[in-house]
Amino acid sequence: MRFRAIAAFAHNNKALLIATTRTRTNNHLNSRVPFFIRNTMSASHQSLAFDTPRMVVKKVLAKSQSEGDGAVVRRAIGISELRNLDPFLMLDDFSVSPPSGFPDHPHRGFETVTYVLQGGITHQDFAGHKGTIGAGDVQWMTAGRGIVHSEMPAGGGRNNGLQLWINLARKDKMVEPRYQELLSREIKRAEHDWS
Numbered sequence: 001m002r003f004r005a006i007a008a009f010a011h012n013n014k015a016l017l018i019a020t021t022r023t024r025t026n027n028h029l030n031s032r033v034p035f036f037i038r039n040t041m042s043a044s045h046q047s048l049a050f051d052t053p054r055m056v057v058k059k060v061l062a063k064s065q066s067e068g069d070g071a072v073v074r075r076a077i078g079i080s081e082l083r084n085l086d087p088f089l090m091l092d093d094f095s096v097s098p099p100s101g102f103p104d105h106p107h108r109g110f111e112t113v114t115y116v117l118q119g120g121i122t123h124q125d126f127a128g129h130k131g132t133i134g135a136g137d138v139q140w141m142t143a144g145r146g147i148v149h150s151e152m153p154a155g156g157g158r159n160n161g162l163q164l165w166i167n168l169a170r171k172d173k174m175v176e177p178r179y180q181e182l183l184s185r186e187i188k189r190a191e192h193d194w195s
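Per full-length UniProt numbering, the very first residue in the sequence shown carries number 1; after that it's consecutive.
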């Protein structure tokens, strides 16, 4: 197993670390592993080196913009001040309430990772995949050779989350579209004492 990309999100004193990994089994891509990091880390996870000081290279303010049908996103990666972070193409903090949403739209050549912070999002695509994720759940969609899908609020009220677009390697851009959900209770957790 080798790490392809790592992304970290912070929200309300919690951090979500997404490490995409690649292994090949019967020509299928496997093992996408998200970790949710809380206040204390067990001894078995100490090797993750979260205590190592790092220098902040650049600070960028996310920009609000309209997307989909009445939805608002705050985009941090994919704006003019922060481009060329391949494999990371885009990072949005989204907020959507019915009847707004992201109706049918196409994707090709990359993957999306969606993490719901509040409410829920229902995904449906032309390949027959359908699912709803709620707060703390993750949806991983591989667009591959192309897919048309929608992401709409699962219920009334505010629905907030984060979505990261991850570029696929050239050799993987034409893989079959794929969709998977990871419920909050299925996500591996590491804890760390930040004091």
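Cβ atoms here follow ideal geometry from the backbone N, Cα and C, with glycine treated the same way.
Asked                                                                                                                                                                              : Found
Taking the alpha-carbon positions, what's the Val-60 to Pro-103 distance?                                                                                                          : 29 Å
What whole-angstrom Cβ distance do Val-116 and Asp-137 have, given they're in contact under 8 Å?                                                                                   : 6 Å
DSSP has Met-55 in a bridge; who is on the other side?                                                                                                                             : Note: Met-55 sits in no beta bridge, so no partner.
Use the C-beta contact count for Pro-99: other C-beta atoms within 10 angstroms, 16 or more gives buried, fewer gives exposed.                                                     : exposed
So, do the region 147-161 and the region 79-88 have three or more beta carbon pairs nearer to each other than 8 Å?                                                                 : no
Please give me, in chain order, every unbroken run of the beta strand (DSSP E) with length at least 3 that falls completely inside the UniProt domain "Pirin N-terminal" (73-166). : 88-96, 102-107, 110-118, 120-125, 130-134, 138-142, 147-153
Please determine, among Val-148, His-192, Gln-139, Ile-147, the residue with the shortest C-alpha to C-alpha distance to Glu-186.                                                  : Gln-139
If I follow the unbroken beta strand (DSSP E) through Ala-190, where does it start and stop?                                                                                       : 188-191
To the nearest angstrom, report how far apart Met-90 and Asp-193 are at their CA atoms.                                                                                            : 30 Å
Restricting to Cα atoms, I'd like to know which of Arg-145, Val-175, Val-56, Asp-172 is closest to Arg-108.                                                                        : Arg-145
Does the beta carbon of His-192 fall short of 7 Å from some heavy atom of the ligand NAP?                                                                                          : Among the ligands in the structure shown, none appear at all, so the ligand NAP cannot be discussed.
May I have the straight-line CA-CA distance separating Glu-181 from Arg-75, to the nearest angstrom?                                                                               : 23 Å
When burial is assigned at 16 or more other CB atoms within 10 Å of the CB, is Met-152 buried or exposed?                                                                          : buried
Look at His-105 and His-123 and say whether their C-beta atoms are less than 8 Å apart.                                                                                            : no
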